[in-house]
Amino acid sequence: MSLAEETTAVQIKVYKYISLGMIKTATFIASKLYYATGKSSAAKLIYLHCLLLSGEAKRANSFFQLRNGENIDSLNKLDRIFFLRSVLSQQEWKQPSNSEKDSTLESFLARKLEDRGNSRDQQQGNLFQVRLDNFPLIQMEENSPEVEATYCYLQGKAALQLLRKEEAAQLFQKALEYDCFCVEAILALSESELLTEAEKKELIFNTHLFRNESWLQLFYAALLNCSLLVFHQLVSSIQNVSISDKDSKQLYLFVDSMPSVLEHCHSSFFCKENLKNLASDTDFLMMIAGFLYSQKRYSQCNQVLDKILNQDKYFLSVYIWKSACLYALGKANELFRLAHWLVREFPESEVSWYAVGCYYLSCKQYFQARQYFQKATSLRPSWSLSWIALGHTFAFQDESDQALAAYRTVYRLSSNCFDSVLFMAVEYLRQNNYSQAQRLLEQALNITATEPQPFHELGVLYYRQENFSCAIDCFQRSLQLAKEMIGEIPHAFAELSGYFCILTASLLGLGHCYRRQGLYSKALDTLEEALAIEPQDPSICSAIGLTYHSQCKYENAIEMYHRCIAIRGSDLLVESLLELSLKSLASSCPYN
Numbered sequence: 001m002s003l004a005e006e007t008t009a010v011q012i013k014v015y016k017y018i019s020l021g022m023i024k025t026a027t028f029i030a031s032k033l034y035y036a037t038g039k040s041s042a043a044k045l046i047y048l049h050c051l052l053l054s055g056e057a058k059r060a061n062s063f064f065q066l067r068n069g070e071n072i073d074s075l076n077k078l079d080r081i082f083f084l085r086s087v088l089s090q091q092e093w094k095q096p097s098n099s100e101k102d103s104t105l106e107s108f109l110a111r112k113l114e115d116r117g118n119s120r121d122q123q124q125g126n127l128f129q130v131r132l133d134n135f136p137l138i139q140m141e142e143n144s145p146e147v148e149a150t151y152c153y154l155q156g157k158a159a160l161q162l163l164r165k166e167e168a169a170q171l172f173q174k175a176l177e178y179d180c181f182c183v184e185a186i187l188a189l190s191e192s193e194l195l196t197e198a199e200k201k202e203l204i205f206n207t208h209l210f211r212n213e214s215w216l217q218l219f220y221a222a223l224l225n226c227s228l229l230v231f232h233q234l235v236s237s238i239q240n241v242s243i244s245d246k247d248s249k250q251l252y253l254f255v256d257s258m259p260s261v262l263e264h265c266h267s268s269f270f271c272k273e274n275l276k277n278l279a280s281d282t283d284f285l286m287m288i289a290g291f292l293y294s295q296k297r298y299s300q301c302n303q304v305l306d307k308i309l310n311q312d313k314y315f316l317s318v319y320i321w322k323s324a325c326l327y328a329l330g331k332a333n334e335l336f337r338l339a340h341w342l343v344r345e346f347p348e349s350e351v352s353w354y355a356v357g358c359y360y361l362s363c364k365q366y367f368q369a370r371q372y373f374q375k376a377t378s379l380r381p382s383w384s385l386s387w388i389a390l391g392h393t394f395a396f397q398d399e400s401d402q403a404l405a406a407y408r409t410v411y412r413l414s415s416n417c418f419d420s421v422l423f424m425a426v427e428y429l430r431q432n433n434y435s436q437a438q439r440l441l442e443q444a445l446n447i448t449a450t451e452p453q454p455f456h457e458l459g460v461l462y463y464r465q466e467n468f469s470c471a472i473d474c475f476q477r478s479l480q481l482a483k484e485m486i487g488e489i490p491h492a493f494a495e496l497s498g499y500f501c502i503l504t505a506s507l508l509g510l511g512h513c514y515r516r517q518g519l520y521s522k523a524l525d526t527l528e529e530a531l532a533i534e535p536q537d538p539s540i541c542s543a544i545g546l547t548y549h550s551q552c553k554y555e556n557a558i559e560m561y562h563r564c565i566a567i568r569g570s571d572l573l574v575e576s577l578l579e580l581s582l583k584s585l586a587s588s589c590p591y592n
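With full-length UniProt numbering, the residue at position 215 of the sequence shown is 215, and numbering never jumps.
Spelled out as structure tokens, the structure:
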């Protein structure tokens, strides 16, 4: 198939989905055509048309990168038509005009289209006419893949409205069987959390489903929020590389090598060269950013997000990840500027108010954060992310009942949501409701067995019940999974701070278990390992001091207690232990 034939086939598929009202699917396919063809002008017009149909006028407008009429003369007729459409489609133009908007419109009015009759415009117009003449009216049969996929998708949406989730999941998957390009079915499965981790893996590794379009597996794995282990296995299978025992424990995502994975994919619509061009596609970069965030590599994730925004400033979904990354990195000032810009540009979007909530959360102003997260949930009641954040604002102030109410809302939306189950378990553990906490932690492990945090929380639960052998098993499993996520990566401490927090917490818990069992040597070795990772953690210092204290090594204990107080400041428990150690040391002195 020649390049022209490939392009025409993709264009026809885009127009078919537009005529069926499946605008998200049409936009997804159009974006791949745009980047695969090296951002060709014909593909750009199709992509812009889809963006305008989906209501993303600002995003379409940003492709021209014009301000106050600058370089409008450089645009051909079709580009100027789409630019003017995008400008006039923006909701803000319904509001009182300002000087920037007026000057942009004036610049268009000053350049009448009939005055631009140069040869380049005529050639472009002829090309556009030829392209449309090839398929002036898309004829679709009732049994065509696009029609069948759309019908199944709409049936699935109806089942979802009736709360028949299992039936909805089956219908969405059936839509993909008819046409694997039906991305709206994938989005519905993801947003409603209709699949377990095992079901996600089964879908992604369905070779019959993706026999002609293996590159879609990468994008859909990201859209479905598959685990890193599944993604690692997928990349290895695409590259036809066997996974050794050592490799299976290295789940670290190397960003630079990801574009090369596309070279090993195959497609009936895109040639190898065009597939390689998808490395610059914003959806592909979003896929990388999503897996970086799931690895808690917030700094690198933020860099990838900046790269996306340099290409597509008004890609609203990016700002969800951007807000979360800036919060995780503690960049409150940058988060403030971002939230301010979002509220100005998208005042009716839940993403804007979510960003404002993240800012106040980073400033530990929980009441204000709560107000804005509630506003985000009112704009989009089914958005689980804002409900989780709302629950956190209560949890940080030890208001467990309200936090549980927010987490339960997410759980009612989908019982397969890992975060809601985990955070409910943490709150029940805080309330000493061990039976409920254990049930939910085991459920979290059934959803995602590769995350270390449920094992860590189970270890805490067993420790409180003084079941130290089970606690040790859980802490060791948590350590194993955390180390698999980190891998043997040099200088990764700052980059993977999220997993190192879990690592040190599990080492601390394991050390306490060994101490309670009287295994002081093991306890000290474990706690020293934790201290090497986080030398300024006062909890580790106090734990080492307590271990020395239990061995009657009062001088060593006093040294660690002093170190803990120097880091943390006033601590009544440590100060009491310090006083007790000093008295014990004084009473054991041979001069007394």
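Glycine included, each C-beta is placed from N, C-alpha and C at the ideal position. Nothing here was measured: the structure is a model prediction, and the numbers come from that model.
Counting only the same chain and skipping the five closest in sequence on each side, list residues whose C-beta sits under 8 Å from that of residue i.
i    : result
L309 : F315, V318 and K322
Q129 : Residue placement at Q129 cannot be trusted, given a pLDDT of 37 that sits under 50; what the coordinates show is reported in the next sentence. Excluding positions up to five away in sequence, the list is empty.
E263 : K272, L275 and K276
L216 : C180, F181 and F210
K246 : Because the pLDDT of K246 is 43, which lies under 50, any placement of that residue in the model is unreliable, and the number read from its coordinates should be weighed accordingly. None.
R380 : E350 and S386
L195 : A169, L189, L203, L224 and N416
Exposed or buried, residue i, counting other C-beta atoms within 10 Å across all chains shown (16 or more means buried)?
i    : result
D179 : buried
Q465 : exposed
S576 : exposed
N212 : exposed
C363 : exposed
A532 : exposed
Y15  : buried
G38  : exposed
S587 : exposed
A26  : buried
L546 : buried
K13  : buried
Compute the Euclidean distance between the alpha carbons of residue i and residue j, then round it to the nearest angstrom.
i    : j    : result
S40  : S31  : 11 Å
E579 : I320 : 50 Å
V426 : F418 : 12 Å
R430 : Q368 : 24 Å
I472 : L48  : 57 Å
Q371 : L326 : 20 Å
T207 : L234 : 11 Å
A530 : L585 : 27 Å
G518 : I288 : 46 Å
T504 : N446 : 24 Å
R59  : C226 : 28 Å
Please state whether the Cβ-Cβ distance between residue i and residue j is less than 8 Å.
i           : j    : result
V356        : V343 : yes
Y17         : E146 : yes
F181        : I29  : yes
E193        : S414 : yes
Q438        : L461 : yes
K44         : Y34  : yes
residue 620 : A389 : Given a span of 1 to 592 for the chain in the structure shown, any question on residue 620 remains unanswerable.
Y411        : S400 : no
I502        : C541 : no
L218        : I186 : no
F373        : F291 : no
Who are the Cβ neighbours of residue i in its own chain at under 7 Å, not counting the five residues just before and after it?
i    : result
Y366 : T393, F396 and Q397
Q311 : T282
A9   : F269
Can you tell me where the alpha helix (DSSP H) holding residue i begins and where it ends?
i    : result
T150 : P145 to Q161
W321 : V318 to L329
K44  : S41 to L53
E399 : Run containing E399: none; DSSP gives neither H nor E here.
N302 : Y298 to Q311
P454 : Q453 to R464
Q438 : Y434 to I447
L234 : L228 to I238
G545 : P538 to S550
Given residue i, which residues of its chain have a CB within under 6 Å of its CB, disregarding the five upstream and five downstream residues?
i    : result
Q551 : Y520
K272 : none
N556 : Y548
I23  : L53 and S54
V304 : L285, I288 and A289
S506 : H456, F475, S478 and L479
P538 : C564, I567 and R568
C50  : A26, T27 and A30
Run the proximity test for residue i: is its beta-carbon closer than 7 Å to any non-hydrogen atom belonging to the ligand SAH?
i    : result
S420 : Absence of the ligand SAH is noted for the structure shown, with no ligands found whatsoever.
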